[in-house]
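Trainee:
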Amino acid sequence: TIAAFILETVVGTNGILVPPDGYIQGVRDICDRYGILMIADEVMAGFGRTGKWFAIDHWDVVPDLITMAKGLTSAYVQLGALGMRRKYAEHFENNVFYGGLTYNSHPLACATALATIQVYEDENLIERAVQMGEVLKQHHADLAAKHPSIGATRSIGLFGLIELVRNRDTMEPMAPFNGTSDEMAALGKFFRTEGLYTFVRWNYFFTNPPLVINEQEMAEGFEIIDRALEITDAALT
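Heads up, the sequence shown is in this note's numbering, so the first residue is 367 and it goes up one at a time.
Written as structure tokens, this is what we have:
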């Protein structure tokens with residue numbers, strides 16, 4: 367018996383893996399058919415990062431439960447939350463969930479979340495992620511055309527990644543799975559030295575700028591990336 371199926375709607379840390387159309391809908395259909403709870407993890411992809419309030423909205427699917435954090439308060443204060451369908455929430459109106467911790471429902475964190483959501487709405491940041499996402503996608507394409515060490519680029523909204531390889535034909539990664547290499551270490555050091563803050567992991571790095579970024583700021587960031595990629599281009603086989 368399967369009680370629940372948990373999925374990261376768009377896989378984040380492991381490579382910005384955007385599911386093909388039909389996948390999320392298929393999971394929903396299977397869960398409905400067999401009475402399985404569908405739980406969507408939107409900790410990374412939620413709150414405008416992909417150009418929707420939640421990434422799962424791209425596929426018009428409603429999960430039974432949805433997890434969120436990070437963007438909920440824009441990280442000003444630590445807060446995680448769990449949303450659920452009304453029929454499940456009603457159970458807890460008469461039954462205590464003995465899972466709360468010391469800082470459960472912390473008023474400062476909750477107030478910060480409300481203020482952050484107001485800013486998302488007032489400044490149209492969800493829509494902005496769509497617009498700037500197209501700019502990011504073009505920067506990806508321009509770099510891929512110039513740098514042969516780029517094996518793939520992936521993005522949805524402002525949730526992006528550049529994957530590096532030693533050989534485009536064989537797609538040999540610039541660093542092994544769950545490991546690093548001299549080139550990737552040098553790449554990360556270059557970014558830090560030049561003032562670009564991003565996450566370098568295995569053979570890829572993330573391009574996930576703030577939703578408030580403008581075109582000039584994005585161009586400045588990608589100019590640093592452009593120069594940094596000379597390091598990995600030199601390692602081609």
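Cβ atoms here follow ideal geometry from the backbone N, Cα and C, with glycine treated the same way. Fair warning: this is a prediction, and the values are worked out from it, not measured in the lab.
1) For Tyr454, is the classification buried or exposed, using 16 other Cβ atoms within 10 angstroms of its Cβ as the cut-off for buried?
2) Between Ile590 and Leu562, how many whole angstroms is the CB-CB distance? I'm expecting something under 8 Å.
3) Using CA atoms only, rank isn't needed, just tell me which of Val377, Ile402, Asn574 is closest to Gly523.
4) What residue range does the beta strand (DSSP E) around Phe556 cover?
5) Who are Met450's beta bridge partners in DSSP?
6) Please state the DSSP three-state secondary structure of Ile372.
7) Can you check DSSP and say which residues form a bridge with Gly526?
8) Please say whether Ala541 and Ile597 have beta carbons closer to each other than 8 Å?
9) Could you give the distance in angstroms between the alpha-carbon of Arg394 and the alpha-carbon of Tyr570?
10) Using 8 Å as the threshold, is the C-beta distance between Ala370 and Ile405 below it?
11) Please state if the CB of Thr433 and the CB of Thr478 are separated by a distance shorter than 8 Å.
12) Contact defined as beta carbons within less than 8 Å: I believe Ser359 pairs with Val531. What is the distance between those atoms, to the nearest angstrom?
Mentor: Per the coordinate set shown:
1) exposed
2) 5 Å
3) Asn574
4) Phe556 -> not in any beta strand (DSSP E); alpha helix (DSSP H) instead, spanning 548-559.
5) Leu431
6) strand
7) Ser521, Thr573
8) no
9) 31 Å
10) yes
11) no
12) Because the chain here runs from 367 to 603, residue 359 falls outside it and cannot be looked at.
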